[in-house]
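Student: There's a structure below that I have some questions on.
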Amino acid sequence: MKSLVALLFGILTMTSVCGQAKKYVTVKRSVRLMGSPFELTVVAQNEEIGYINLQEAIAEVKRVEKLISSWDPESETSEINRNAGLKPVKVSFELYKLIERSIQISEFTNGAFDITVAAMEVVWKFDGSMSMFPTPEQISRAVSKVGYKKIILNRVENTVFLKEKGMKIGFGAIGKGYAADKVKELLVSKQVPAGMINASGDISTWGTKATGEKWLIGVDHPRSNGKIFTWLPLIESSVSITGNLDRYVTFNGKKYAHYIDPKSGYPTTGISKVTILAKSAELCDALATAVYVLGKEKGISLINQLGDTEVVIVDSYNQMFKSNGIILDTEE
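Counting the sequence shown from 1 gives a position; the numbering used here is that position plus 803.
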């Protein structure tokens, strides 16, 4: 992911004068949160205020992680997983709504995005510990525990129930985008004029740079490592840039990336990188995973049907494809 993130920024942090004749500074901080590198950037009246804003941002990410982490035994998410097949669990309104939105995304992606795919963690491990390819029987057993329609929500009681023992939910495909959005929401509420939250490739922006220029993200050339192909402006919007560079396993010379098809239980193939642009980082994050699962044709077809949403795909042959609203010379 580091090589992806390195392509994002043409953001020079210099003191400047904006249109309102007011001096602003840009303050940045790199920190590891939610197990991933975060780049936090705010525009503030002075450095002291900027660093306070960054501390507030870090605290907000930690709060979100405490809520959604399936690795933290004290989290509400872990409580839901422990009680799979046993009983409903009453949760906070915030987590309830996140799960509800996740199910809605599952619905319009035809299950390509599914938070219950976390049950596949018993057979697929992308932390270097896998030594054998899973058997068809192992995959079949795990897939039987996957299915967003088996999540039972009770709006009156604010409860979440996983119907079968062995089921599990996880927010690895939406959580960092959600965290980026929550940080933006917090800082906007505190009148921070502008910023960019880069949660390891899931990015949320608001306002403009201290110079008054738009925030930009770079799309790297698929056949020229490190060369920027084009720059895309972010205007009160978000982006997710995901690749299969750092989390994969290799068996018999074939690389299997960490994007799992919830229906087959096997890692996806054919796509090496997805860039999604939309209004919220949460949606970008989730749709990027859905596109990996759907493949380039169905993925682009889905994005073309959604409003204010675009995609750029690089396949495993380093060919570039895009949705209708992206203007690129893909033959360059």
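Backbone N, C-alpha and C define an ideal beta-carbon position, used for all residues, glycine too.
This one's a predicted model, so the numbers in the text were calculated from it and none came from an experiment.
Are there three or more Cβ pairs, one per stretch, closer than 8 Å when the segment 1041 to 1052 is compared with the segment 872 to 887?
Tutor: Not touching, per the Cβ criterion.
Student: Roughly how many whole angstroms lie between the Cα atoms of valine 828 and isoleucine 1044?
Tutor: Cα to Cα, the separation comes out at about 27 Å.
Student: Using a 10 Å radius around the Cβ and a threshold of 16 neighbouring Cβ atoms, would you call serine 1068 buried or exposed?
Tutor: What sits at residue 1068 in the sequence shown is glycine, not serine. With 16 or more Cβ atoms within 10 Å of its Cβ, glycine 1068 is classed as buried.
Student: Where do the N-terminal and C-terminal ends of the alpha helix (DSSP H) with threonine 1092 fall, by residue?
Tutor: Note, threonine 1092: alpha helix (DSSP H), 1084 to 1097.
Student: May I ask you to verify whether the segment 1088 to 1104 touches the segment 1116 to 1128, counting CB pairs closer than 8 Å and requiring at least 3?
Tutor: Flag = yes, the segment 1088 to 1104 and the segment 1116 to 1128 touch.
Student: Below 8 Å on the Cβ atoms is my guess for valine 794 versus serine 1075; work out the distance and round it to an integer in Å.
Tutor: This structure cannot settle anything about residue 794, because the visible part of the chain is limited to 804 through 1135.
Student: Tell me whether glycine 1128 is buried or exposed, calling it buried when 16 or more other Cβ atoms sit within 10 Å of its Cβ.
Tutor: Exposed is the call here.
Student: Given that a residue counts as buried once 16 or more other Cβ atoms are within 10 Å of its Cβ, and exposed if not, what is valine 959?
Tutor: Burial call: exposed.
Student: State the CB to CB distance for the pair alanine 922 and lysine 952, rounded to an integer number of angstroms; the pair is presumed to be in contact (CB under 8 Å).
Tutor: Between lysine 952 and alanine 922 the Cβ distance is about 14 Å, and since that is not below 8 Å, they are no contact.
Student: DSSP three-state label for tyrosine 899, please.
Tutor: Three-state DSSP puts tyrosine 899 in a helix.
Student: Taking Cβ positions, are isoleucine 1006 and valine 986 nearer each other than 8 Å?
Tutor: Contact flag unset, no.
Student: Quick one: what's leucine 1037 bridged to in DSSP?
Tutor: Partner(s): Trp1018.
Student: Measure the Cβ-Cβ separation of lysine 893 and asparagine 961 and say whether it is below 8 Å.
Tutor: In this structure, asparagine 961 lies closer than 8 Å to lysine 893 by Cβ.
Student: Considering valine 963, what are the terminal residues of the beta strand (DSSP E) in which it resides?
Tutor: Its beta strand (DSSP E) spans residues 962 to 965.
Student: Straight-line CA distance for threonine 1092 to alanine 997?
Tutor: Cα-Cα distance, rounded: 28 Å.
Student: Alpha carbon to alpha carbon, how far is glycine 914 from asparagine 849?
Tutor: Glycine 914 and asparagine 849: Cα-Cα distance of roughly 46 Å.
Student: Please report the straight-line C-alpha distance between aspartate 1064 and proline 1070, rounded to a whole angstrom.
Tutor: Going from the Cα of aspartate 1064 to the Cα of proline 1070 covers about 6 Å.
Student: Buried or exposed: valine 1115, going by 16 or more other Cβ atoms within 10 Å of its Cβ?
Tutor: It counts as buried.
Student: Considering only their Cβ atoms, is the gap separating leucine 1097 from threonine 1112 smaller than 8 Å?
Tutor: No.
Student: Sort Pro1036, Gly1004, Ser1083 by Cα distance to threonine 1011 and report the nearest one.
Tutor: Taking only the C-alpha atoms, the option nearest threonine 1011 is Pro1036.
Student: Is the segment 976 to 993 touching the segment 856 to 867 in the sense that three or more CB pairs, one from each, lie closer than 8 Å?
Tutor: Taking 8 Å as the limit for Cβ pairs, the verdict is that the segment 976 to 993 does touch the segment 856 to 867.
Student: Compute the Euclidean distance between the alpha carbons of valine 830 and threonine 1078, then round it to the nearest angstrom.
Tutor: Answer to the nearest angstrom: the Cα atoms are 26 Å apart.
Student: Would you report the Cα separation of asparagine 957 and lysine 1066, rounded to the nearest angstrom?
Tutor: Taking the straight line from one Cα to the other gives about 25 Å.
Student: Apart from the five residues just before and just after tyrosine 1095, which ones in its own chain have a Cβ nearer than 7 Å to its Cβ?
Tutor: Only Tyr1062, Thr1071, Ile1074, Val1077 meet the Cβ criterion.
Student: Please classify serine 1162 as buried or exposed, where buried requires at least 16 neighbouring CB atoms within 10 angstroms.
Tutor: Because residue 1162 is not part of the residues shown, which for the chain are 804 to 1135, the question remains open.
Student: What's the call for glycine 950, buried or exposed, on a 16-neighbour Cβ count within 10 Å?
Tutor: Glycine 950 should be labelled buried.
Student: Do alanine 1002 and threonine 833 have their beta-carbon atoms positioned less than 8 Å apart in this structure?
Tutor: Reading off the sequence shown, one finds serine at residue 833, where the question assumed threonine. It is not a contact, given that the beta carbons lie outside the stated cut-off.
Student: From Glu842, Leu857, Arg835, pick the residue whose C-alpha is nearest to that of lysine 993; which is it?
Tutor: Nearest of Glu842, Leu857, Arg835 to lysine 993, Cα basis: Leu857.
Student: Quick one: residues in its chain with C-beta nearer than 6 Å to the C-beta of valine 946, no 5 flanking neighbours on either side, listed in chain order?
Tutor: Closer than 6 Å at the Cβ level, and outside the excluded window around valine 946, lie Gly1068.
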